[in-house]
Amino acid sequence: MNFYFWKIAVVLFLILASVPTHAQEGSIRLVYPRQDMLVTATDSMLVLGQIQFQHSKLFINGQLISTTDDGAFIGYIGIDHEKINADSNFILECKVTAGDSTYTLNRQVKIPLSFKSPDSVKTFMDRNYLFPRDSIWLHAGDRVKITCRATPGASVSYSVINSDGTVIKKDQVLLESVVQHDLDESVFGNRKHSKQLRIPGVYSADCRINASFKNAVIRFYVKHGNDTVYADAPGRVSSWDDRDARVAELVSDVNNATVEPGRAYYYFLQKGIRCAVNGKMGNQIRLRLSESHAAWIPEKNVRYLPMGTPTPRTTVALIRVKKVGQKSVVQLVMSEKIPFRVEQTGERQLQLSLFGGISDTDWIRFDNKNDEVKNISWSQPENDVYRLTVDLKEPHHWGYETAYDGTNLIWTIRHKPNTKELRGLKICIDPGHSKDIGATGPRGTTERQANVETALALKKELESDGATIIMTHTDTSQNLSLYDRVAIANENKCDLFVSIHHNALPDGVNPFSQSLGPSVIYYHPQSKKLAESIQKKLVKRTKLHDFGVFQGNMAVCRNAEMPAVLVECAFLILPDQEKMIVDTKFQKKAAQGIRDGIKKFIK
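Read in order, the letters of the sequence shown are residues 9 to 611 in our numbering.
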C-alpha cells in the first residue's frame, strides 16, 4: 500500500513540475513596454528587461531572446495582427525555462486597430476611424482631407450635407490609397529610403470647401456586394466668412506654430504679437501672416480683440546698426509688433522676414565702426512681407536673439568670442530630463540619472581647463521644462549650450540591423560644426560606432541664443552599452570626448 501511494506522489510531482508557474516577484522583469502602453509600431516592437535565472532560456511569443550573463536583454518581437483583439489588446507572452522549471509573465499592450487590415468579406466601416473628427472652418477653395476605414476592395463614396439637410455634394469617390511612411526606420534605422506601408481598407479624398458649407456633415458610404453601410464623420465643416474675421493677440510665453496642424514647428512667434485669424480646425486656429503665409497655433495661446480691430501692418522707417562688444545690434523702427522669421541663407548671410511689414526705409544708420557686418539691405518680396538681409564678414556667427522693445524690433547678432581656448568661456551644461525619467535600460537604469552623472563628469573636465560652467540642474527630482533649460543659458549669456542624453530607438526600428553608438543633434546652421567636432572626438574616446550627426527640431537647440547641441553619449537600451554608461570610467571618456570636441570647435 505504501509503495502504491509513493508511485502516486511521484506522478503528481512530475505533472506539477511540468506545469508553467507564474513568474516569481522580480524573476522576469519587463522594463519596456509598460502594461497597457500604446505601441505605435506596425510590424515589430522592442522589448527590454532582465531575468534572474542562471543557465536559462527566454522566449517571447515563441521567439528565443539572447540574454547577457546577468540576464539583461533587448528583443525585437514581431506583431501578429491576427492576435490583436477588438479592444486593441496584444499580449507579449514571456517564458523562461530554467532546468526543469518554466516561468511565465504576460504583458498586455495596445496596438492601434488602424494598423490591422479589416475583414475583406463582410461589409464594414470603422466608426472610430472617420475623419475629420474636429469641426473645421476654412475659406472657400481650401481643401480638407477626409478619411475612413472600411472593407478592403469595397466601393466607397461620400456626400456633404448641410445642417438643414441640403445635399451640397453627392456620391464623391474615395480611393483606397492611404500610405504610411515608415520614417522612424529611415531616420534612426539602416534603411536609406522610407518604406511605404499600404494599409488595406483605408480610403481618402480631398474635399474642396465652397461658400455654401454651413455646419456640413461628411457622410461616408461603403458598398460591398449587395450590402451598403454609411456613417457620418464627427467633425463638421463650414466656410469661413472674412466678414466675421477677428484679430487675436498672442498671450502665451511660448508660441510654436506650424504650416499645417500637426506638422513640424516652423514659426516661433513672440508674446504680444497680433494677427488676423482666418481659419479654425478643432482647437487650432490659422493666423494670416501675409498673402502667402499662414501659421497654425493652439487657440488657447491667444485672446481675441474687439470686432473691428485693424489687422496689424507697419512701415519700417529706419534701421540702426551698432557694435556692442562681440555683438551687432540691429534696431528696426516700427509702429506695430508683427510676426517675423529669421533664416540663415548662407554661411555669411542672415535674413529677417517681417510679415505685415511695408518698406519705407530711406535710411540705414551705422552708429559706430562694425568690422563684423559687411552689408545690410532690404527688399519687399511680397506686398506685405518686408525682408532685411545682413551679410557678415566672417563665415560663422555665434547665434542671435530677437526681442521687441515697445514696437521696435531689436535683432542682436552674436559674433565669435575673442579666444581660442576654454579659459574665459561660459558653458551651460544641461543634464537631459529631470522629473521625467527619459529612456530606461534593460536593467532599469534611468536616463535622467545617467545624464546627471555624465554631465557632472563633463563639468569637471571643462572646469579643469578654465571654463565657467552653468548647470541647469543636478537634482533629478526637479521639474524643469525644455524652455526653462534654455532660458538659464540665455539669461546667463553663456557662450555654448550642451545638453547631455543617452539614446533609445523608436518602436519599430530594428536594433540589430546596424551598429549603434554616440550621436549629436543640432538645429541652427551655426551649431553644425560644433556637433561634428564633438561627434568625432566622442567616437574616438568611447570606441563606439559613429551613429552620426543629425539636424533635429529640438526645443533646447532651437531656442538657444548661442551654438547649442544635444549629445547622445551611447544607447541606454542596449545591455552592453547600459553597463558601460553606469561605469565612471566610461563617463569620464564621454566627458573628455565632448571637451575635446568643444576645444577643436573654438580654435
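Think of the CB as a built atom: it goes at the ideal place given N, C-alpha and C, for glycine as much as any other residue.
Start and end residues, alpha helix (DSSP H) containing residue i
{"i": "residue 101", "result": "Unbroken run through residue 101 is the beta strand (DSSP E), 97 to 106; no alpha helix (DSSP H)."}
{"i": "residue 499", "result": "490 to 499"}
{"i": "residue 281", "result": "Careful: residue 281 lies outside any alpha helix (DSSP H) and carries neither H nor E."}
{"i": "residue 512", "result": "Note, residue 512: premise wrong, no alpha helix (DSSP H); not H, not E."}
{"i": "residue 563", "result": "563 to 566"}
Three-state secondary structure assigned by DSSP to residue i
{"i": "residue 8", "result": "Past the boundaries of the shown model lies residue 8; the chain is included only from 9 to 611, so the question cannot be answered."}
{"i": "residue 261", "result": "coil"}
{"i": "residue 159", "result": "coil"}
{"i": "residue 308", "result": "helix"}
{"i": "residue 504", "result": "strand"}
{"i": "residue 288", "result": "strand"}
{"i": "residue 588", "result": "helix"}
{"i": "residue 604", "result": "helix"}
{"i": "residue 73", "result": "strand"}
{"i": "residue 90", "result": "helix"}
{"i": "residue 184", "result": "coil"}
{"i": "residue 33", "result": "Note that residue 33 scores a pLDDT of 49, beneath 50, so its modelled location is shaky; the value from the coordinates is reported in the next line. Of the three classes helix, strand and coil, the one that applies to residue 33 here is coil, per DSSP."}
{"i": "residue 66", "result": "strand"}
{"i": "residue 593", "result": "helix"}
{"i": "residue 391", "result": "coil"}
{"i": "residue 610", "result": "helix"}
{"i": "residue 542", "result": "helix"}
{"i": "residue 457", "result": "helix"}
{"i": "residue 583", "result": "helix"}
{"i": "residue 550", "result": "helix"}
{"i": "residue 321", "result": "coil"}
Exposure label - residue i; buried when at least 16 CB within 10 Å
{"i": "residue 592", "result": "exposed"}
{"i": "residue 71", "result": "exposed"}
{"i": "residue 595", "result": "buried"}
{"i": "residue 405", "result": "buried"}
{"i": "residue 173", "result": "exposed"}
{"i": "residue 33", "result": "Below a pLDDT of 50, predicted positions are generally treated as unreliable, and residue 33, at 49, falls in that range; no measurement from the model is reported."}
{"i": "residue 304", "result": "buried"}
{"i": "residue 371", "result": "exposed"}
{"i": "residue 94", "result": "exposed"}
{"i": "residue 318", "result": "exposed"}
{"i": "residue 605", "result": "buried"}
{"i": "residue 527", "result": "buried"}
{"i": "residue 469", "result": "buried"}
{"i": "residue 467", "result": "buried"}
{"i": "residue 611", "result": "exposed"}
{"i": "residue 63", "result": "exposed"}
{"i": "residue 293", "result": "buried"}
{"i": "residue 38", "result": "buried"}
{"i": "residue 603", "result": "buried"}
{"i": "residue 45", "result": "exposed"}
C-beta atoms of residue i and residue j nearer than 8 Å
{"i": "residue 74", "j": "residue 81", "result": "yes"}
{"i": "residue 533", "j": "residue 582", "result": "no"}
{"i": "residue 222", "j": "residue 280", "result": "no"}
{"i": "residue 477", "j": "residue 497", "result": "no"}
{"i": "residue 217", "j": "residue 285", "result": "no"}
{"i": "residue 580", "j": "residue 553", "result": "no"}
{"i": "residue 141", "j": "residue 241", "result": "yes"}
{"i": "residue 367", "j": "residue 388", "result": "yes"}
{"i": "residue 104", "j": "residue 59", "result": "yes"}
{"i": "residue 564", "j": "residue 507", "result": "yes"}
Delimiting residues of the beta strand (DSSP E) encompassing residue i
{"i": "residue 474", "result": "Per DSSP, residue 474 belongs to no beta strand (DSSP E) and is neither H nor E."}
{"i": "residue 349", "result": "348 to 354"}
{"i": "residue 230", "result": "224 to 232"}
{"i": "residue 271", "result": "Premise fails: residue 271 is in no beta strand (DSSP E) and is neither H nor E."}
{"i": "residue 57", "result": "52 to 59"}
{"i": "residue 336", "result": "335 to 341"}
{"i": "residue 359", "result": "357 to 363"}
{"i": "residue 113", "result": "109 to 118"}
{"i": "residue 419", "result": "416 to 422"}
{"i": "residue 45", "result": "Counting along the chain, residue 45 falls outside any beta strand (DSSP E), and DSSP gives it neither H nor E."}
{"i": "residue 129", "result": "Here residue 129 belongs to no beta strand (DSSP E), and DSSP marks it neither H nor E."}
Residue i at chain B interface by Cβ criterion, 8 Å
{"i": "residue 465", "result": "Annotation note: the requested chain B is absent from the structure, which comprises a single protein chain."}
heavy atom of the ligand PLP below 7 Å from residue i C-beta
{"i": "residue 453", "result": "With respect to small molecules bound, the structure shown includes none, and the ligand PLP cannot be examined in it."}
Are the segment 216 to 228 and the segment 166 to 174 in contact at 8 Å, needing three or more beta carbon pairs?
yes
So, does the segment 324 to 338 touch the segment 305 to 313, judging by three or more C-beta pairs under 8 Å?
They do not touch, by the three-pair rule.
Stretch pair the segment 135 to 150 + the segment 178 to 186: three plus CB contacts closer than 8 Å
no
Taking 8 Å as the threshold, find out whether the segment 443 to 463 comes into contact with the segment 353 to 365 through three or more Cβ pairs.
no
Between the segment 421 to 432 and the segment 446 to 460, do at least 3 Cβ pairs fall closer than 8 Å?
no
Is it true that the segment 543 to 562 meets the segment 85 to 99, where meeting means three or more beta-carbon pairs spaced less than 8 Å apart?
no
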